[in-house]
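Peer 1: Under my numbering, read the sequence shown as residues 1 to 351, first letter to last.
Yeah, the Cβ is synthetic: ideal placement off N, Cα and C, and Gly gets one too.
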Amino acid sequence: MVSLKEVIASNAQIPTTLPKRLVAIFAGATTGIGESTLKTFVKYAVEPRIYLFARNPDSAARVIAACRQINPQGEYEFVKVDLSLIRETDAACDHVKSKEKLVNLLFLSAGEVSFNRTRTLEGLNLFLAASTYTRMRIVQNLLGPLKKAGETIGLARVVNVAGAGTEGKIDTSDIEAFKIPFTQLRPQLVSMHTLSLESLAEHAPNVSFVHDYPGAVYTDLHKGAKESGGALGWLMYLLLEGIHALLRRWLFVPIEESGERHVYLATSGRYAPHDGHETGILLEKSTVLRGSNGEPGSGVYSVGWDGEGPADRALVALKGLRSDGVKELVWNHMKTEFDRISGASSAQTVL
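This is the structure in structure tokens:
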């Protein structure tokens with residue numbers, strides 16, 4: 001386990017170790033883990049350039065105002081986007097690329113709780129749209145600027161907040177997850193995240209990709225369940241509210257600690273890119289972590305709330321999926337959906 005003391009010691013070196021004017025994009029940071037991580041990041045970074053992808057202007061304005069109080073030297077821009085829609089996500093990424101030649105950090109925590117499996121206007125499963133499809137589309141769209149950052153400044157990283165460590169079976173006949181049982185939903189989505197990041201990493205050996213499980217952090221995300229999930233959503237909401245009220249002292253990671261830990265994931269040298277070049281902050285006695293394929297420094301990492309991983313069960317599950325060709329099936333499915341919606345070949349972007 002990476003202790004909180006180690007986390008803070010590493011983060012404290014950001015102002016003197018990492019360069020000024022790091023360019024960071026936060027998708028889904030107007031509440032919860034994303035907001036806490038953004039505020040923590042600007043506390044340490046020197047003159048950061050921040051792009052906040054969000055839907056609600058009022059929420060974005062509140063977060064940006066708080067960031068300006070924490071770090072007046074930073075530059076902050078709200079990019080209005082519905083992160084359940086591929087076309088809007090593409091437009092947001094195009095806006096960033098029109099202004100920035102390189103991107104140092106993508107922090108992806110957007111998501112929407114929906115138990116009724118409705119389709120978006122673009123035909124995607126609403127639950128997967130923001131939590132999976134558009135996240136991977138952002139990475140695909142901005143892989144070029146990330147690679148450029150890896151060549152010039154060094155820090156080039158993607159942090160994807162989801163459910164690392166619980167990778168499991170994927171029903172290849174229902175990758176979109178419209179029909180699979182709810183008990184299978186989480187392991188399937190988590191595996192899709194890790195395998196998609198592995199596919200993207202093949203084209204960016206100087207970029208590191210961290211997929212993490214943040215632990216039990218009390219946020220507003222579960223409140224969306226009661227609004228969109230009917231009886232099941234209400235049951236989930238009440239269950240989580242009750243658990244938090246009774247056991248928060250013992251089971252839940254404080255939101256401030258979660259912010260520190262995610263900044264650590266974004267900047268620590270333990271999560272090195274595949275090409276092995278030094279990047280981020282590496283404390284004494286720290287070592288590069290095993291990647292999602294079991295090899296140290298593979299460039300893609302599946303880690304738990306404590307910054308360690310991958311879990312043995314995840315390694316076994318991922319190995320089986322790769323050997324069965326599921327990794328390629330998942331990424332081909334992603335690209336097919338991207339092409340269908342955007343009307344352009346994914347090859348015209350990066351891959």
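How far does the alpha helix (DSSP H) with residue 41 in it reach, from first residue to last?
Peer 2: Within the sequence shown, residue 41 is the residue found at index 41, counting from 1. Element bounds for residue 41: 32–44.
Peer 1: Quick check on the DSSP output: what are the complete beta strand (DSSP E) runs of length 3 or more inside the segment 131–188, in order along the chain?
Peer 2: Runs of the beta strand (DSSP E) inside the segment 131–188: 157–161.
Peer 1: Check whether the segment 132–152 touches the segment 87–102, taking contact to mean three or more Cβ pairs, one atom from each stretch, closer than 8 angstroms.
Peer 2: yes
Peer 1: So, with DSSP's three-state summary, where would you put residue 11?
Peer 2: Taking the first residue of the sequence shown as position 1, residue 11 is located at position 11. Helix, per DSSP.
Peer 1: Report, in whole angstroms, the separation of the C-beta atoms of residue 307 and residue 264, which I expect to be a contact under 8 angstroms.
Peer 2: Residue mapping note: residue 307 aligns to position 307 of the sequence shown, counting from 1. Residue mapping note: residue 264 aligns to position 264 of the sequence shown, counting from 1. Sure, about 6 angstroms apart at Cβ, within 8 angstroms.
Peer 1: Taking 6 angstroms as the limit between beta carbons, can you name the residues of its chain near residue 384, skipping five residues before and five after?
Peer 2: This structure gives no information on residue 384, because the portion of the chain shown stretches from 1 to 351.
Peer 1: Name the DSSP beta bridge partners of residue 212, please?
Peer 2: For the purposes of this step, residue 212 is taken as the residue at position 212 of the sequence shown. In the DSSP secondary-structure assignment, residue 212 is bridged to 161, 303.
Peer 1: Got a sec, what are the start and stop residues for the beta strand (DSSP E) residue 23 sits in?
Peer 2: Residue mapping note: residue 23 aligns to position 23 of the sequence shown, counting from 1. Per DSSP, residue 23 belongs to the beta strand (DSSP E) from 23–27.
Peer 1: Answer yes or no: do residue 305 and residue 213 have a C-beta to C-beta separation smaller than 8 angstroms?
Peer 2: To locate residue 305, count along the sequence shown from 1; it is residue 305. To locate residue 213, count along the sequence shown from 1; it is residue 213. Yes, they are a contact pair.
Peer 1: Taking its Cβ as the centre, do 16 or more other Cβ atoms sit within 10 Å of residue 119, making it buried, or is it exposed?
Peer 2: Position 119 of the sequence shown, counted from the first residue, corresponds to residue 119. Its Cβ having fewer than 16 others within 10 Å, residue 119 is exposed.
Peer 1: In the DSSP output, which residue or residues are listed as bridge partners for residue 107?
Peer 2: Within the sequence shown, the letter at position 107 stands for residue 107. For residue 107, which the question treats as bridged, DSSP gives the partners 26, 159.
Peer 1: Going by DSSP in three states, residue 100 sits in which element: helix, strand or coil?
Peer 2: The residue you call residue 100 lines up with position 100 of the sequence shown. Reduced to three states, the DSSP call for residue 100 is coil.
Peer 1: Quick one: is residue 273 buried, meaning 16 or more other Cβ sit within 10 Å of its Cβ, or exposed?
Peer 2: By one-based count along the sequence shown, residue 273 stands at place 273. Buried, because 16 or more other Cβ atoms sit within 10 Å of the Cβ of residue 273.
Peer 1: Is residue 124 helix, strand or coil when you go by DSSP?
Peer 2: To locate residue 124, count along the sequence shown from 1; it is residue 124. If DSSP states are grouped into helix, strand and coil, residue 124 belongs with coil.
Peer 1: Go ahead and pull the three-state DSSP assignment for residue 49.
Peer 2: Your numbering for residue 49 matches position 49 in the sequence shown. Strand, per DSSP.
Peer 1: Suppose you measure from the CA of residue 40 to the CA of residue 70; what does that come to, to the nearest Å?
Peer 2: Locating residue 40 in the sequence shown gives position 40, counting from the first residue. Locating residue 70 in the sequence shown gives position 70, counting from the first residue. Roughly 9 angstroms separates the two Cα atoms.
Peer 1: Give the list of continuous alpha helix (DSSP H) stretches no shorter than 4 residues that lie fully inside the segment 252–316.
Peer 2: 255–267
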